[in-house]
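Residues in the sequence shown are numbered consecutively from 17, following this note's numbering.
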Amino acid sequence: MRKPLGGLVSILLILAITTISWKSAKITKERNFKNGFSARELLQKYISNIYESAHLQESGLGLEVFNKAVTGFMNLKAGNMVPQTSFILTVVDLAKSSHQKRMWVVDLLDKQLILNTYAAHGHGSGDDMATSFSNKIDSHQSSLGFYITGEVYHGGNGRSLKLDGVDAGFNSNARERAIVVHGADYVGENAIYSIGRLGRSYGCPAVPVNMAEQVINTIKDKTVMFINGNDSRYTSKFLDEEQAANYVFPESSNGNVLASM
């Protein structure tokens, strides 16, 4: 009788452990979605929390643009296109005048603004304001969309950082066009004072020479960059809010590590 009894005890023990684990997972899920918030609503709260904690409104970055940037960031992580350990996000808002510091580098994990500086647009895109954008070779225009930072190299503009555009039709020719981050003496307050605006690049988001090293060292190694601009034609599969929300707050599990941030 001992063997059947021992077997029965083992079965009951397994059932008890399974039940406890299921209840624990269910409670965690219910806590994540308490008060009836959906994953999408929780994502918006999460983005707003970072936006406020990093004082991004005070720095001039609009919430709508930041929302797009974070949404794309999460979708790129969900697709394993950037390392899961990466939390650096760069936003360049070309809807703003070149007089303004329109590049932001944000640490999403620590909820801090690391850098805010000037960034050039392509001379084919406009003068002080960038009004037209292109993915075409030799257009000398800026390209909108999401990028992943590539390798560092030394070229004609000194130490530079290659970019890979991931939005087909909008910035996918970035590498072939040599769209990179580099320092330029036509970017910064001296240029604005001299010519009334920033100088312009061949489409690169060029930064002030004295900021180039810090910018490159901060955003290298496969981090995400989002370049925004006024162009109603721009669309991106990476702006899928539902998919981004389910990555950060998965309804069928105990939650991604980002959900606890």
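C-beta: ideal position from N, C-alpha, C; glycine also.
Counted as a single uninterrupted DSSP element, the alpha helix (DSSP H) harbouring Asn206 occupies residues Glu205 to Ile211.
Per the coordinates, the alpha-carbon of Arg213 lies some 8 angstroms from the alpha-carbon of Asp143. The way I'd put it, the segment 87-102 doesn't touch the segment 111-122; fewer than three beta-carbon pairs between them come closer than 8 angstroms. Beta-bridge analysis with DSSP links Asp109 to Asn244. In this structure, Asp247 and Phe162 do not form a Cβ contact; the two beta carbons are roughly 14 angstroms apart against a cut-off of 8 angstroms.
Straight-line spacing of the CA atoms in Arg216 and Thr251 works out to 25 angstroms. Across the set Leu177, Ala70 and Tyr67, the C-alpha of Leu177 shows the shortest separation from the C-alpha of Met241. The straight-line gap separating the alpha-carbon atoms of Ala200 and Ile130 is approximately 21 angstroms. Relative to Met119, the option among Leu255, Val197 and Gln259 whose CA is nearest is Val197.
Its Cα nearest to that of Asn206, the residue Val225 stands out among Arg191, Gly219 and Val225. Close CB contacts of Leu255 within its chain, under the 8 angstroms cut and outside five residues either way in sequence, are with Lys84, Thr87, Gly88 and Asn91 (chain order). Of the other Cβ atoms in all chains shown, fewer than 16 fall within 10 Å of the Cβ of Asn96; this residue is therefore exposed.
Only buried fits Arg193, as 16 or more other CB atoms lie within 10 angstroms of its CB. Ser217 is bridged by DSSP to Gly138.
The C-alpha of Gly52 is placed about 32 angstroms away from the C-alpha of Val107. Under the three-state reduction of DSSP output, Ala70 falls in the coil class, being neither helix nor strand. In terms of Cβ geometry, Arg191 and Asp183 do not form a close pair [threshold 7 angstroms].
For the options Leu72, Gly172, Asn132 and Ala94, the alpha carbon positioned closest to that of Gln259 is the one of Ala94.
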